[in-house]
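Counting from 1, position 301 in the sequence shown corresponds to residue 331 in my numbering; the numbering is continuous, with no gaps.
Reviewing the structure listed below.
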Amino acid sequence: MTPSNEVGVDADLFRLVVEAAPNAMVMVDGAGRISLVNSQAERIFGYERSEMIGQPVEMLINQNLRRGHVAFRNSYLGKPEVRSMGAGRELLALRKDGTEFPVEIGLNPMPTPSGMGVLAAVVDISERRRAEREREDLEAHVRHSQKLESLGVLAGGIAHDFNNLLSAILGNAELAQSMLTEDSPATSYLQNILTASQRAAELTRQMLAYSGRGRFEVKRISVSKAVQEITELLKVSLSKKAELDFRFHNNLPDVEVDTAQFNQVILNLITNANEALPEDGGNIRISTGLMQADAAYLSGCAFSDQSEPGPFVYIEVADTGSGMSAETLSRIFDPFFTTKFTGRGLGLSAVLGIVRGHRGAIRVESTLTKGTSFRVLLPALLPEGYADNGLAGKRWRTSGLVLLADDEPLVRQSTCILLEGIGFNVIQAADGREAVRIAEENAGTLRLALLDLTMPRMDGDEAARRILASNPSLPIIITSGYSAQDLTQRLRDNANLVLLPKPFSLSDLSGAVKQALR
């Protein structure tokens, strides 16, 4: 079908103009059937034009919106008007493969021999929506940081004034007690005042820690050794339902911390993890490592304003408990906020203040019913020539194109940074099917694939089998949060795959890459 000659448009020229348009163009006749599309429409919807011509335009729209769209289309054709892009409709469009994506549509009425039709210009606005979400997330992060900053200032001010009052109370109570005989009835009352005042002083110390203004007596320590000592002492107080999994990196650079405050951080995190476990038990994984954190990574951390991009030693405490909702996650560092019982003190808010006072950062990830992980980052003191994992000194480097597949965006981001740091160009996939497609498209240039074991649509082991079927010489690394023993058991039929348990440091990743490329 071509536009009527009555409007003075040559049919062939019209088709050429539509085909050359930078946006997807879809022409619909009076009956709501597609009569003309261009190559851009084929590209964004994934159909050949022969599959679209003659079909109802609703084939390109989310199923839940189709009935409403038919009503809108009939109403529009009854009273057509030009609707420019930006003033047009926004819809959730549907590709041939079933995936949905947001589009913006501009409408132009078009008289045809069979009646009034419409020419629609369609723009995929997925990237715009993604950028808007990122901006909204950043704004929310800034607002939350400002709130915590305000609370920190308030807590610090209250603690300072309260300490002055407590000094007077403690001093006078001790003076009064010294003037009495031991058998005086007032002695026990004064002792109660002293005990309560000392507890109040401990609370003010926590408030100062939250504000980041506590007194720090820093010294150089080995994080793995210190955490190991603390957890050994904690074992007796932890619930028997908790199964501890230690993953300590023993060749880390030192950090400078106040040991008492550092111990408080570890104590709080492990206690929280223990309390989050269900009645039938669970796992607490305590790990240490070294990582390179850039500005993008730090922006996703809680209150990282005191942190500069660079090498960090991290301590991660992860549990398999109930996890947290987004609302709870947004409040966990608020003073006195708890999902347990009242009277717990400052808890995580004090942890945040201590870490901030050490120019560190905290990253929290949580999924309801699956668990929570807290990663504390502390600036690494790299000695001259330190080169254990390539973050300083002479470092092992390579090059080439690597495929990275993982369904967790934060994991993809951090792993991508590590891979780029050793010289790779990285192409990313969010699931197994996408990984197989990318591997096939880049079969001639791909040097390595790094696949997560558990992904939606297709697991990493199945994706590896399909990739190797068409490219049997491609080195593949499989990563997973399962233990090395579990990984070996599940992948026993793929002996040539290199296994890399999570979490992994850059040195672990470099070692796996070297092994895979041999």
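The beta carbon of each residue, even a glycine, is placed where N, CA and C say it ideally should be.
Considering only the beta carbon of each residue, do G554 and G390 sit closer than 7 Å? Given that the chain is displayed from residue 31 to residue 548, the structure contains no residue 554 and the question cannot be resolved.
When the Cα of A499 is compared with those of D538, E470, A41 and K270, which residue comes out closest? E470
- Query: Which one or two residues does DSSP pair with N138 in a beta bridge?
  - Reply: L149
- Thinking just about the alpha-carbon of each residue, which of I296, A459 and G451 is nearest to the one in P439? A459
Alpha-carbon to alpha-carbon, V543 and M609:
With the chain covering only 31 through 548, there is no way to say anything about residue 609.
message = Can you give me the C-alpha to C-alpha distance between D491 and D538, rounded to a whole angstrom?
response = 20 Å
- prompt: Roughly how many angstroms lie between the CA atoms of G387 and E286, to the nearest whole one?
  reply: 11 Å
- Query: In angstroms, rounded to a whole number, what distance separates the CA positions of F404 and D324?
  - Reply: 18 Å
Label V48 either buried or exposed according to how many other C-beta atoms from any shown protein chain fall within 10 Å of its C-beta, with 16 as the threshold for buried.
buried
Check your understanding: Would you say V148 and V58 are within 7 Å of each other, going by their C-beta atoms?
Key -> yes
Write down the C-beta distance between T289 and I251 rounded to the nearest angstrom, noting that I regard them as a contact closer than 8 Å.
-> 6 Å
Check: Can you tell me where the alpha helix (DSSP H) with T289 in it begins and where it stops?
Finding: T289 to A306
Over what stretch of residues does the beta strand (DSSP E) that includes P531 continue unbroken? V528 to P531
message: Can you look up G401 in the DSSP assignment and give me helix, strand or coil?
response: strand
**Message:** Please state the DSSP three-state secondary structure of Y77.
**Reply:** coil
Using the DSSP secondary-structure output, state which residues sit across from A323 in a beta bridge.
G340
Worksheet item: Whose CA, out of L224, I74, A356 and L547, lies closest to the CA of A151?
Response: I74
Subject >> Anticipated Cβ contact below 8 Å, R496 with V456, distance rounded >> reply: Not really, about 21 Å apart at Cβ, beyond 8 Å.
Checklist line | Straight-line Cα distance separating K400 from P283 | finding: 32 Å
Which residues share a DSSP beta bridge with L66? M57
So I497 is in the alpha helix (DSSP H); what residue range does that whole segment cover?
-> G490 to S500
If I measure Cβ to Cβ from E88 and keep anything under 8 Å in the same chain, skipping five residues before and after, which residues do I get?
G62, R96, H99 and V100
Buried or exposed: where does F342 fall if 16 or more other Cβ atoms within 10 Å of its Cβ makes it buried? buried
Rounded to whole angstroms, what is the Cα-Cα separation between A51 and Q85? 22 Å
- Task: Quick one: residues in its chain with C-beta nearer than 6 Å to the C-beta of E72, no 5 flanking neighbours on either side, listed in chain order?
- Result: R79
### Element boundaries [alpha helix (DSSP H), containing G462]
G462 to E471
| message | Using CA atoms only, rank isn't needed, just tell me which of Y106, A231 and A348 is closest to L195. | response | A231
Out of T318, L220 and E338, point me to the one whose CA is closest to A326's CA.
E338
Check your understanding: Which residues mark the beginning and the end of the beta strand (DSSP E) in which R389 is found?
Key -> No beta strand (DSSP E) holds R389; DSSP gives it neither H nor E.
- Chain-order list of residues whose beta-carbon lies under 6 Å from that of M82 (same chain, five-residue window excluded): I64 and V67
(message) Check for me: the beta strand (DSSP E) holding S503 runs from which residue to which?
(response) Unbroken run through S503: none, as it is neither H nor E.
Problem set entry | Given L431 as reference, the closest of R477, V394, P505 and Q291 once Cα atoms are compared | R477
Residues bridged to P86 [DSSP beta-bridge criterion] = R63
Q.
Here's the rule: buried if 16 or more other CB atoms are within 10 angstroms of the residue's CB, otherwise exposed. What is F454?
A. buried
Margin query: Between which residues of its own chain and N92 is the CB-CB distance below 8 Å, once the five residues before and five after are set aside?
Written below: L121, L122, A123, L124 and E130
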